[in-house]
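One gets my numbering by counting positions in the sequence shown from 1 and adding 5 to each.
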Amino acid sequence: MVGSPQNRRTARNATSSRSTQSGQSAPGPTTDAEPDALTIGRRVRYLRTSKGMTLEDLAAAIDRAPSQISTLENGKREPKFSQLQAIARALGAGVDDLLSAEPPSERDALEIELERVQRGPLFASLGIDGVRIGKSLPSDALGTILALHRELERLHTERAATPEEARRANGELRDEMRAKDNYLPELEQVAKGLLADVGHTTGPLPQRMAAEIAAHLGFTLHYVSDLPHSTRSVIDTRNRRLYLPSKGFRGRSNTRSALLQALASHVLDHTEPGHYGEFLRQRVEANYLAAALMVPEKPGVKFLRDAKDERAIAIEDLRDAFGVSFETAAHRFTNLATRHLGIPVHFMKVHESGILHKAYENDGVRFPSDALGAVEGQHVCKQWTARQVFDVEDRFNPYAQYTDTPSGTYWCTSRVENTSDGAFSVSVGVPFADVKWFSGRETTVRSASRCPDESCCRRPPADLTEKWGDFAWPSARPHASMLAAMPSGAYPGVETTEVYRFLERHAPEGSARHAPEG
């Protein structure tokens, strides 16, 4: 069964490794920890020097080379138990004396901690050489270096909640998805297994079958009018309930997307994200699995291949064939286009203000970016399809145009979707060489973009600058996400107290109102 805990863990681990934030070094030695090679080595050295033995003396006593003893004492090699027994006998000590996790002295504790620090990822990221830890290094110098490292760790942890770290995380995830052509075969298999479990074999997934997936996973659906405003859905894992808005979502005919995204997080065994990068990855995985359920791979690929054979690929047709939103169809096309059709592609979601919210590319198009390479929050060129579509009067038919850019000519199709946060354009584009496979390639609309050259659309005309440059003082209206890339709390953007109160109101009669003991 795909929904079993084992399979959920398999799917989760296949998609990405769950690690702590980069830059965290190993914790210092503790008395209840398991001994490691560093601590064992220092205990061997401490006992050897206490006995007045040289490296050569101990090496001769156990029939080993002095270099091997030095390597062991420096924690560069894990000793075998038989070797520890021989060392213990030579030192007149017990094996337990060598295996204690307690550093033999305060000085040794400092040296062990600094050695771990210098082997850790945060130190490595600094690109500097470590210090040689020896008798000539004073203890106060050791303490100062460790104090500086702890401060770096603190600053690194704080930075994990800043817009800078959010931009880095977005860039890293976008690079990773580009390398995979935005295709995750592990999640395709999870979707295939879930659909097989409920007997869905082909075609679009109706709302009824989405509800059957929920029942198959052991959840009952509850449509409520008081869902917390900061949420799209809420799962009560104790009582196996999934809450959805009774009025649906603006711009959607049903709640399949929210339902399947919520179930996807459960199937993939998502837990509270430890940092912004993990939060983004979980969101990508949940959206991907939900789309793979609504537009299954096999019929989706067949539909697109048939359209390619006819040279008539259209995102609108994919949308209509599987009863999904244009955005879902566009996302799903990027999952399948390169892997199954050999077509490189790019995707954009742009707010009516011109701000880029989501983007993906593996076709060489150059999105606007900041100094860190992040594209989210940047202004899209006014000449691009994603901006031009807002000026089109006909919102019912697809809009397409060719755009000449410094990185090549691209054809793009775009549509505007209205949301509670304003209007967004959703666009899919391909290089000129691949437009032959698409409906809408006959468009005569063409524009030229010189961005990032500011003379293209960002620099005001000289006459207006001369007239108003010294007299204009606009007041910006920034979006909340620009001020707080990662709101406080385990689930960014969600008011946890509101969610808990909601669950308390809706808990079934007789349900435990407190966490089980143990």
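Think of the CB as a built atom: it goes at the ideal place given N, C-alpha and C, for glycine as much as any other residue.
Three-state secondary structure (DSSP) of residue i
i, result
"serine 452", "strand"
"aspartate 325", "helix"
"histidine 511", "helix"
"valine 355", "strand"
"methionine 6", "A caution first: methionine 6 carries a pLDDT of 40, below 50, which makes its placement in the model unreliable, though a value can still be read off. Methionine 6 falls in the coil class under three-state DSSP."
"glutamate 366", "strand"
"serine 30", "Residue placement at serine 30 cannot be trusted, given a pLDDT of 35 that sits under 50; what the coordinates show is reported in the next sentence. It is coil, neither helix nor strand."
"histidine 221", "helix"
"alanine 93", "helix"
"tyrosine 505", "helix"
"phenylalanine 372", "coil"
"isoleucine 150", "helix"
"alanine 317", "coil"
"alanine 428", "strand"
"glycine 413", "strand"
"leucine 232", "coil"
"glycine 135", "coil"
"arginine 400", "coil"
"alanine 438", "helix"
"lysine 307", "helix"
"leucine 268", "helix"
"phenylalanine 86", "helix"
"leucine 142", "coil"
Residue i at chain D interface by Cβ criterion, 7 Å
i, result
"alanine 219", "Structure shown: chain D not included; a single protein chain is present."
Bridge-paired residues (DSSP) for residue i
i, result
"threonine 418", "Ala405 and Val433"
"arginine 172", "In DSSP, arginine 172 forms no bridge with anything."
"leucine 273", "Leucine 273 is not bridged to any residue."
"histidine 384", "Ile360"
"asparagine 423", "Ala428"
Neighbour-count burial assignment, residue i, 16 or more Cβ in a 10 Å radius
i, result
"leucine 63", "buried"
"phenylalanine 476", "exposed"
"asparagine 402", "exposed"
"glycine 99", "exposed"
"phenylalanine 224", "buried"
"valine 431", "buried"
"asparagine 175", "buried"
"proline 513", "exposed"
"glutamine 406", "buried"
"glutamine 212", "exposed"
"arginine 506", "exposed"
"histidine 234", "exposed"
"leucine 508", "buried"
"leucine 96", "buried"
"threonine 206", "exposed"
"proline 108", "buried"
"aspartate 231", "exposed"
"alanine 93", "buried"
"proline 301", "buried"
"asparagine 423", "exposed"
"arginine 510", "exposed"
"valine 370", "buried"
Run of the alpha helix (DSSP H) containing residue i, from where it starts to where it stops
i, result
"valine 122", "111-124"
"isoleucine 74", "71-78"
"leucine 341", "331-346"
"tyrosine 51", "42-55"
"phenylalanine 443", "Taken as a continuous stretch (DSSP letters only), phenylalanine 443 belongs to no alpha helix (DSSP H), as it is neither H nor E."
"leucine 285", "281-299"
"proline 209", "No alpha helix (DSSP H) contains proline 209, which DSSP labels as neither H nor E."
"leucine 199", "190-202"
"arginine 392", "390-393"
"glutamate 61", "60-66"
"lysine 472", "467-473"
"aspartate 102", "100-104"
N-terminal and C-terminal residue of the beta strand (DSSP E) that residue i is part of
i, result
"tyrosine 228", "225-229"
"arginine 246", "246-250"
"aspartate 241", "239-241"
Closer than 6 Å: residue i CB and nearest the ligand PLP heavy atom
i, result
"leucine 273", "This structure lacks the ligand PLP; in fact it carries no ligand of any kind."
Contact the region 280-291 vs the region 307-315: 3+ CB pairs below 8 Å: No, because fewer than three Cβ pairs between the region 280-291 and the region 307-315 fall closer than 8 Å, the two stretches do not touch.
Cβ contact check for the region 348-364 and the region 430-443: 3 or more pairs under 8 Å: At 8 Å Cβ cutoff, the stretches touch.
Touch test, the region 319-331 against the region 385-396, Cβ-Cβ under 8 Å, three pairs minimum: Short answer: they don't touch.
Touching by the beta-carbon criterion (3+ pairs, under 8 Å), the region 266-275 and the region 175-190: Segment contact: the region 266-275 against the region 175-190, fewer than three CB-CB distances shorter than 8 Å; contact not assigned.
Stretch pair the region 288-299 + the region 337-347: three plus CB contacts closer than 8 Å: Result yes; three or more Cβ-Cβ pairs closer than 8 Å.
The region 460-472 contacting the region 420-431, beta-carbon criterion three pairs below 8 Å: When C-beta atoms of the region 460-472 are compared with those of the region 420-431, fewer than three pairs fall below 8 Å, so the two segments do not count as touching.
Contact the region 38-49 vs the region 78-85: 3+ CB pairs below 8 Å: Two segments are said to touch when three or more pairs of C-beta atoms, one from each, lie closer than 8 Å; by this definition the region 38-49 touches the region 78-85.
Any 3 or more C-beta pairs closer than 8 Å across the region 132-148 and the region 238-253: Fewer than three Cβ pairs drawn from the region 132-148 and the region 238-253 lie within less than 8 Å of each other, which leaves the two stretches out of contact.
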